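Undergrad: Quick note: the sequence shown uses UniProt numbering, first residue 1, plus one each step. For glycine and all other residues, C-beta sits at the position ideal for the given N, C-alpha and C. Bear in mind the structure is a predicted one, so any value in this text is a computation, not a measurement.
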Amino acid sequence: MCGTSVMANLDVALLPNHWYAIAASTDLGSTPIAASLLDQQLVVYRTTAGQVVVLDDRCPHRGASLACGQVKGNAIACPYHGWQFDLDGHCAQIPSQQASARIPQAAKVASYPVQERYGLIWVFTGDRDRAAQTPLWELPEYDQAGWRVVQGQFDWAADYRRVTENGMDVAHSPFVHANSFGASGNEVIADFELEKSDLGAQIWIPIEPKANYRGSFNLLGRKQETPKAGRSGAAFHLPNITRIDIEFGNFHLILVGIHQPISATTTRSHWLHVRNFLTAGWADGGTRKRTAKLFQEDQKIIEGIAPLRDRNEISVASDRLQLYYRQLWQQHHSSLVAQG
């Protein structure tokens, strides 16, 4: 880390009526797992029928963590006294009770709407009635033929909004990533149009590859010429998703970051590297190494950065995308506060 981490952002918050990724599908086997969403402790489990369930991770009996329990059919059993909770969080069995005894009505935990998409488990912690009307962010290339997807996770000791802003920042690459893909001589950011939507925005800028990436090369038996110029796109989708597109001729690479706020000062980025070249699995190991290096280069800066609401910040034209993210985030947050 460059510098010393300063005090946490006291205004960090969730925008509740959104879908949040809280785990990778591959994390979830036959046993429950714990997950956190801005210090809200959750338990995630898969029923024997394959359905994913998310509940609050505290048994109402004595407060034990359900994530340490066992899956029993469609239910999860508390590890302390064996109380079982069904898909909706209602207590279905208390082993210590006699058969004639009634289960207390208050013996329940909160349950949440869930989706499993893009290799991730998504939860909706806001107004339950709005979940069905709130579409999940889309990544159409994920299911399209001719694309290869590699996924992973990376943890940061930072506010999720700082990590999200970094994921759309187009001006830092020649400096932070000078030893990987950032090309010197490309420091000046061309004028760009901010394409706005209700939940995000996108920009496109012209780019050139690093000098050592240029020229001809042989790809799977076909001679390819690296284009001398291409374009890069940067986009965000509220509340915490970023997408970078890099296009050179017919070569298209996408890097998505879905930045899970674990706590006010801890973020887990669920990343997806999507490409329409080198689509065989043998290239995936190199992809994971390069992506890890990319995040490690960013980590040195982001974990030592000032709080998000530093009144002394000065912004310029190349920061317009991040500034719009802040504006949109604040608008949504303020409307929630006004609603009480």
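Out of Pro16, Tyr45 and Ala13, which has the shortest C-alpha to C-alpha gap to Ala23?
TA: Closest by alpha carbon: Tyr45.
Undergrad: Tell me whether Leu194 is buried or exposed, calling it buried when 16 or more other Cβ atoms sit within 10 Å of its Cβ.
TA: Looking at its Cβ environment, which holds fewer than 16 other Cβ atoms inside 10 Å, Leu194 is exposed.
Undergrad: Give, in chain order, every unbroken run of the beta strand (DSSP E) that is at least 3 residues long and sits entirely within the segment 234 to 319.
TA: Qualifying beta strand (DSSP E) stretches, in chain order: 241 to 248, 251 to 263 and 266 to 275.
Undergrad: Give me whichever residues DSSP pairs with Ser111 in a beta bridge.
TA: Bridge partners of Ser111: Leu55.
Undergrad: Val12 by DSSP, collapsed to three states: which one?
TA: It is coil, neither helix nor strand.
Undergrad: So Ser197 is in the alpha helix (DSSP H); what residue range does that whole segment cover?
TA: That residue, Ser197, is in no alpha helix (DSSP H); it is neither H nor E in DSSP.
Undergrad: Please identify the residue among Gly249, Asp245 and Ile241 whose C-alpha is closest to the C-alpha of Ile258.
TA: With distances taken between Cα atoms, Ile258 lies closest to Ile241.
Undergrad: Hey, Tyr20 and Val170: beta-carbon distance below 9 Å or not?
TA: Not in contact: Tyr20 and Val170 (Cβ atoms no closer than 9 Å).
Undergrad: What does DSSP give as the partner residue(s) for Gly69 in the beta ladder?
TA: Answer by DSSP bridge pairing: none, since Gly69 is not bridged.
Undergrad: Would you mind sorting Pro239 into buried or exposed? The rule is 16 or more other CB atoms within 10 Å of its CB.
TA: That one is buried.
Undergrad: Do the segment 77 to 97 and the segment 44 to 61 make contact, defined as three or more Cβ pairs closer than 8 Å?
TA: They touch, by the three-pair rule.
Undergrad: Take Val12 and list the residues in its own chain whose beta-carbon comes closer than 6 Å to its own, dropping the five residues that flank it on each side.
TA: Hits under 6 Å: Asp159 and Ala264.
Undergrad: Do Trp83 and Cys68 have their C-beta atoms closer together than 9 Å?
TA: No, these two residues do not count as a Cβ contact at 9 Å.
Undergrad: Check Val176 in the structure and name its three-state DSSP category.
TA: Helix, per DSSP.
Undergrad: Taking Cβ to Cβ, would you say Pro113 is nearer than 9 Å to Arg102?
TA: Contact flag unset, no.
Undergrad: Taking the DSSP output, what are the residues bridged to Leu37?
TA: According to DSSP, Leu37 bridges with Gln40.
Undergrad: Quick one: is Asp57 buried, meaning 16 or more other Cβ sit within 10 Å of its Cβ, or exposed?
TA: Counting Cβ neighbours within 10 Å, Asp57 comes out buried, since at least 16 surround it.
Undergrad: Would you call the CB atoms of Val163 and Leu272 closer than 9 Å?
TA: Contact flag unset, no.
Undergrad: Excluding the five sequence neighbours on either side, which residues of its own chain have a C-beta within less than 6 Å of the C-beta of Arg130, listed in chain order?
TA: Contacts found: Asn17.
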